[in-house]
Amino acid sequence: MQDYKVLFTNHRSCRGKNRLRKGLLALPILILFVTAIYADFDNQTVPTETIHISADSSSSITVKLTLPPPFEEMSRAEIAPPPHPKTVETEVITANTDRPIEIAEVIEEPSTWLTHTVKSGDTLAKIFSAKGLSANLLHRIVTSSKESAKLARIRPGQELRIQLDAEGEFIALVQVIDAIHSLEIRRTTEGFIANKVQQAVEYRTAFTSGTITQSLFISAKEAGLPDPLIMSLANIFGWDIDFALEIRQGDRFTVIYREEYLNGKKLRNGPILAAEFINRGKSFQAIRYTDAAGESNYFTPEGDSVRKAFLRSPVDFRRISSRFQRERYHPVLGRKRPHRGVDYAARTGTPVKASGDGKIIFRGRKGGYGKTVIVQHGGGITTLYAHLNSYMLKRRVGSRVKQGQTIGFVGKTGVATGPHLHYEFRLNGAHRNPLTVKLPAANPIAKAMREDFKIQTAPLTMQLATLNRTLLADARP
Ligand SMILES: [Zn+2]
């Protein structure tokens, strides 16, 4: 997003704030007159441009202005409003009994805005031609700068606004990119000038917290956390906490997140800025940090990455239907056996994800395991996924997989009473408990960035601590 430099363009002519301020003095009078004129003319003729006002004995004001268009045109303007409201500027010279007062004339060039919503198959050339603009003009605009060249990338649904003067000559073109961004190309005496225009988005900080009663999803929803942020929360802590198996009643979470507002209206939720999850009494904290290159990641307050080489859970936590014992009486084999992995009960067909980057070294039937996939990772680690209903066809033996990519689908092949995923984690061939094995973490904050990290994240860490204290106090009887 860093290619969006904030460029607020000033569309007022360069007559200066001072005059404008003076003009404001005359504004109430003007409004009265314009209103009066509209009432008088009753929409029949366009009023003249010069108005003489005698304000009192000591001053008279003469104002020349372009009056707003008749009603018919106004309603059209409402359908396709120009991106910037027209301003009627006035110039006022304060009263002086000795000499007549002369007032101002600021006339904005009368212009029309044409609005076009890009349809599929549209090209700029087609649109220009339909609006009576020449191919030559388009060529000159598009080749005027690197920014203008981007105009060529129009997409269906996008809105283009073209401003023409009274003679139908091109003044400006606005390409609306999204609710916030637009590209504006304006004819000036120095040629075409392209500006990226970004509306001022207001950031607000919101927070919520909750205690787990059933599942993270339900409790977070009850706490008012929007769905995408629940997923972010699960992703942020997904390397440390297995949200499918390790969540307990009484676990708590606190989330500080950003909300984005445009013109006082909520536009969307921004990212989680800081969060804490207390799982079975153990606290995990994550703070968002954006480095000099503009890349954002989550770190512990100490600057360690929360990302690990392995996801705790190879199945989306929302898909888990029940929990299995870790060591249990095997219902099919009829004897107690050490269970060397973790079982996730989920519906047949639920996607199974590779828990870390690696290479598939086995895919096929494997005795009681049924349909199985084994992935080889770095550092002598392999992970095994069993009882699959089917495989992800394109991921076969030898395929490289990335963390989180689907490798197969939950089933009950082999020795299994119901559909579930059996997941094993092995280090140099020895079984490790995937829920407790210490996992290698991604790179911590670089030494050179530590100072910046502290400065950027300290307020969030403090906010999180304050929130927790308040919440704890509230929770006390
Ligand atoms: Zn199992």
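Under the working numbering, read the sequence shown as residues 20 to 496, first letter to last. Built from N, CA and C at the ideal position, the CB exists for glycine as well.
Taking 7 Å as the cut-off, the beta carbon of L479 is found no closer than this to the beta carbon of T273. For H441, the shortest C-beta to heavy atom distance toward ligand 1 is below 6 Å. The beta strand (DSSP E) runs of length 3 or more contained entirely in the segment 208-282 are, from start to end of the chain, 210-217, 221-230 and 271-281.
Relative to H439, the option among I339, K378, A144 and Y410 whose CA is nearest is I339. Per DSSP, the beta bridge partners of I306 are A293 and F318. Counting C-beta atoms within 10 angstroms of its own C-beta, D197 has fewer than 16 neighbours from the protein chains shown and is therefore classed as exposed. Straight-line measurement puts the Cα of A465 at about 25 Å from the Cα of Y276.
The beta-bridge partner set that DSSP reports for P370 consists of F428. Burial is judged here by how many other beta carbons sit within 10 angstroms of a residue's own beta carbon; P453 has at least 16 and is buried.
T476 sits away from V429, with the two beta carbons spaced by 7 Å or more. Distance from the C-beta of D141 to the nearest heavy atom of ligand 1 is not below 6 Å.
Boundaries of the alpha helix (DSSP H) around A168: K165 to A168. In this structure, R307 sits away from W258, with a CB-CB distance that is not shorter than 7 Å. Straight-line spacing of the CA atoms in A435 and V394 works out to 22 Å. Collapsing the DSSP output to three states places H158 in a helix. Of the residues L192, I199, Q304 and Q482, the one whose Cα lies closest to the Cα of N282 is I199.
Contact annotation, T391 with F444: C-beta distance approximately 14 Å; criterion of less than 8 Å not satisfied. Your pair H135 and I146 checks out as a contact, with CB atoms roughly 6 Å apart and the cut at 8 Å. Per DSSP, F147 is one residue of the alpha helix (DSSP H) stretching across L143 to A149. Contact between V416 and I380 holds, since their C-beta atoms are separated by about 7 Å, short of 8 Å. DSSP places Q422 in no beta strand (DSSP E); its state is neither H nor E. Secondary-structure assignment with DSSP links V193 through a beta bridge to R180 and E203. Across the structure, D310 and A461 are spaced so that their CA atoms are roughly 16 Å apart. Taking the Cβ of G433 as the reference point, every heavy atom of ligand 1 lies at 6 Å or farther away. Taking a contact as a CB-CB distance under 8 Å, the pair D323 and I297 does not count as one, their CB atoms being some 18 Å apart.
DSSP places E443 in the uninterrupted beta strand (DSSP E) bounded by H439 to L446. Fewer than three pairs of CB atoms, one per stretch, sit closer than 8 Å, so the segment 212-226 makes no contact with the segment 246-260. The beta carbon of G437 is closer than 8 Å to those of A364 and K431 in its chain, skipping five residues each way along the sequence. Within the same chain, E128, S130, Q182, L183, D184, R205 and R206 come within 8 Å of I190 by CB-CB distance, once the 5 residues on both sides are set aside. Nearest to R180 by C-alpha distance, out of L133, A219 and L170, is L133. Of the residues R267, G397 and A263, the one whose Cα lies closest to the Cα of T230 is R267. A Cβ-Cβ distance of about 20 Å is found for the pair H450 and R382, leaving them out of contact under the 8 Å criterion.
For S332, the CB contacts under 6 Å within the same chain, skipping 5 residues up- and downstream, are D261 and A263 in chain order.
For T208 and K150, the gap between their C-alpha atoms comes out near 23 Å. D362 has its Cβ nearer than 6 Å to a heavy atom of ligand 1.
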